[in-house]
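Novice:
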Amino acid sequence: MAFARNDFQHKLSKQLIDENQAVIVETLKVKNMLKNHCLAKSIADAGWHSLITKLDYKAKQAGKHLVNIDQWFASSKTCSCCGRKQESMLLNIRSWTCECGYVADRDINAAINIKHQASSIKVY
Ligand SMILES: [Zn+2]
233 MAFARNDFQH
243 KLSKQLIDEN
253 QAVIVETLKV
263 KNMLKNHCLA
273 KSIADAGWHS
283 LITKLDYKAK
293 QAGKHLVNID
303 QWFASSKTCS
313 CCGRKQESML
323 LNIRSWTCEC
333 GYVADRDINA
343 AINIKHQASS
353 IKVY
């Protein structure tokens with residue numbers, strides 16, 4: 233299991249770095265998320281930290297950029313269309329409609345926000 237995951241992470245990180253000039257990652261509040269028993273196992277299994285480590289050194293080798301987004305940035309709760317922030321967002325909400333009419337898929341909306349946020353950050 234650990235070997236298979238490590239192999240997958242090497243392939244995934246290599247592909248991400250090969251195909252992109254910059255890779256943006258959001259630093260998840262892993263410690264807090266592990267306190268949630270429903271989430272703990274899948275997060276621990278995902279090995280988020282070791283994937284980031286692989287992305288980091290592969291980006292450096294290739295002369296590309298790995299950009300970290302602030303962990304307090306509300307990527308899921310912010311409408312990527314108008315910027316309005318929802319008060320709260322339960323984990324089981326997979327899509328929602330903003331007051332501006334934008335229908336947000338939770339993960340796609342978050343990805344768009346992270347992309348916007350990253351383009352305002354200076355990379356070096
Ligand atoms: Zn909106």
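For the sequence shown, the numbering used here assigns the number 233 to the initial residue and increments by one for each residue that follows. Cβ atoms here follow ideal geometry from the backbone N, Cα and C, with glycine treated the same way. Please read all numbers here as calculations on a predicted model, not as lab measurements.
Might you give, ordered along the chain, the residues of its own chain that have their beta carbon closer than 6 Å to the beta carbon of Asn341, omitting 5 neighbours on each side?
Specialist: Ser312
Novice: Within the same chain, show all residues whose beta-carbon is closer than 7 Å to that of Gly360, passing over the 5 residues directly before and after it, in chain order.
Specialist: As displayed, the chain neither begins before 233 nor continues past 356, which places residue 360 out of reach and without an answer.
Novice: Name the DSSP beta bridge partners of Lys317, please?
Specialist: BP columns for Lys317 point to Thr310.
Novice: Just to confirm before moving on: does the CB-CB distance between Val255 and Ile249 stay below 8 Å?
Specialist: yes
Novice: From this set, Thr310, Leu283, Lys273 and Lys309, which residue's C-alpha is nearest Leu298's C-alpha?
Specialist: Leu283
Novice: Is it buried or exposed for Ala294, if we count other Cβ within 10 angstroms and need 16 for buried?
Specialist: exposed
Novice: Of the choices Ala272, Phe305, Arg326 and Met265, whose alpha-carbon is the least far from that of His348?
Specialist: Phe305
Novice: May I ask which residues mark the beginning and end of the beta strand (DSSP E) holding Leu322?
Specialist: Unbroken run through Leu322: none, as it is neither H nor E.
Novice: Does at least one heavy atom of ligand 1 sit under 7 Å from the Cβ of Glu331?
Specialist: yes
Novice: How would you label Ala272, buried or exposed, when you count the other beta carbons within 10 angstroms and need 16 or more for buried?
Specialist: exposed
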